[in-house]
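Here numbering that gives the first Met the number 0 is used: the first residue of the sequence shown is 0, the next is one more, and so on.
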Amino acid sequence: MINVQPCVKYESKLDLSKIKEVKMDKTENGVKRSKYFPKFTASMGVEGLIHVVDYFNKNATKLNFTTAEKWTNFDEVLDSVAESKWTARITNIAPQARTENRLKSEIKWLIGTYAESDFPRDVLIEYLKGPGCKKPFAKSPQEHADRMEVLIRIANRLDGTAPNIDDSNTKKIIFESFRDDWQTDYLKSGNVVANQTLTQIISYMSLCKSVSDSKVDNRKRNSGDNNGNKNKKKKQICPIHTRSNHTWDDCSLNPRSVNYGKDMRRSSHAGRGRGSDNNYRNYRNNNNTYNGRGHNNRNGPSQHWSNNSRGFNNRNGSSHNGRGQNLNGSSLNGNYHGRGQNLNGSSLNGNYFNHNHYHNSTDNFNHNHYHNSTDNFNHNHYHNSTDNNDEKY
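Here you go:
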């Protein structure tokens with residue numbers, strides 16, 4: 000069996016914005032009135048031709064066209080091909096036979112020439128009941144029902160053996176074009192299609208769509224959350240500063256962190272060294288340099304030092320991860336194994352590996368030199384000497 004396509008599809012190809020128009024005038028009692036009529040072209044198909052015919056009748060009524068004037072002016076709204084068909088068809092119709100009903104009959108014949116089948120109504124009705132006219136997801140129930148009504152009206156204007164679609168069958172066809180689960184919900188709610196208006200049916204289907212859209216939104220939201228959780232990396236607590244609340248990603252000792260080296264950059268000394276981040280860095284301050292592995296900080300009016308150590312030297316009595324040394328009389332609490340001694344008159348409470356010796360002599364605090372060396376945290380010798388220097392920084 001040959002599958003005959005309907006002359007009109009659910010997805011309309013008619014673009015009303017591109018339709019050309021023709022102006023028609025009529026003067027009555029010295030008053031001229033004008034109207035613009037859309038003009039048919041073959042690319043508009045059956046739906047476009049019906050649109051043109053409907054507007055012709057509407058504007059002809061507004062201009063108070065007589066039946067004879069309608070017969071005379073109808074060819075003005077047709078393109079050259081359609082006009083040739085029309086002219087050949089009506090040429091032999093006598094003037095007295097050109098009635099209103101005959102005009103409608105001949106226009107229906109012209110529409111049939113673009114319907115592409117012998118029984119276009121039958122074909123379109125079958126199409127309306129099939130999957131090609133199921134409500135698309137993107138369309139609202141009202142938009143869908145409006146489009147279905149347009150197709151039903153077109154079907155009733157075509158030739159065919161099937162009866163015209165009445166109001167009862169219009170409701171039935173439109174109802175059955177909605178989703179099957181919506182139809183089931185409608186019937187389970189005690190509704191009967193025959194007992195309700197089309198407006199009531201559409202209203203119920205609009206409620207079903209609202210519920211369905213809400214479920215879709217929730218699934219998308221949950222899916223997005225799950226994907227986000229999968230993509231999230233587990234944050235690693237800083238392995239160096241275990242007593243702080245920052246992560247390794249945010250640590251200033253992490254070479255890949257945006258905060259990397261921030262504490263060092265605030266210092267005013269320079270040199271070349273390898274610290275806890277295992278990167279060599281150079282710091283310089285007034286030609287005094289140091290090479291070291293660790294953090295060396297100061298707290299004094301002016302200090303110079305050169306270090307070769309591995310450990311943590313902190314300023315202001317603070318500590319990194321509970322590990323630190325005091326450079327200016329403040330106390331430090333650390334986790335090194337051993338014991339600490341006073342650098343500058345204050346107590347240093349810390350546990351250093353094995354034993355630490357501190358030697359401190361001071362002339363004044365204007366210019367301090369610290370020479371530190373470390374032997375693998377086993378034995379630390381600190382030689383602190385201070386000479387007088389007028390340089391201030």
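Note that beta-carbon positions come from the ideal geometry of N, C-alpha and C, so glycine has one too.
Contact check for K31 against M23 fails: the beta carbons are separated by 8 Å or more.
Using a Cβ distance threshold of 8 Å, N72 and E27 do not count as a contacting pair. S33: not part of any alpha helix (DSSP H); member of the beta strand (DSSP E) spanning 30 to 37, first to last residue. With the rule of 3 Cβ pairs closer than 8 Å, the segment 37 to 49 counts as touching the segment 13 to 21.
Around the beta carbon of A67, a 10 Å sphere encloses fewer than 16 other beta carbons of the protein chains shown; the residue is thus reported as exposed. Distance between N163 and R220, taken at the CA atoms: about 47 Å. Scanning its chain for C-beta atoms nearer than 7 Å, with the 5 sequence neighbours on each side dropped, one finds around F55 the residues F36, F73, V76, in chain order. The beta carbons of L157 and R101 sit about 19 Å from each other, so the pair does not count as a contact at 8 Å.
The continuous stretches of alpha helix (DSSP H) do not include T26, which lies in the beta strand (DSSP E) extending over residues 20 to 27. A distance below 8 Å separates the beta carbons of V45 and I110.
In the structure shown, T183 adopts helical secondary structure according to DSSP, grouped into three states. Proximity of the segment 87 to 101 to the segment 133 to 140 falls short of the contact definition, fewer than three beta-carbon pairs being nearer than 8 Å. Look at I49 here: in three-state DSSP terms it is helix. Around the beta carbon of P5, 16 or more other beta carbons sit within 10 angstroms, so the residue counts as buried. Annotation: the continuous alpha helix (DSSP H) that includes A144 extends over 140 to 155.
Contact annotation: L197 and K171 have beta-carbon atoms that are not nearer than 8 Å.
A residue is called buried once 16 or more other Cβ atoms fall within 10 Å of its Cβ, and I236, having fewer, is exposed. If you draw a straight line from the Cα of I106 to the Cα of I89, it comes to about 10 Å. The Cβ atoms of L123 and V7 sit closer than 8 Å to each other. Nearest Cα to E125 within the set K261, N2, G260: N2. Contact check for A114 against I201 fails: the beta carbons are separated by 8 Å or more. Using a Cβ distance threshold of 8 Å, C132 and Y9 count as a contacting pair. Of all alpha-carbon atoms in S251, D165, I153, T241, the one lying nearest the alpha-carbon of I49 is that of I153.
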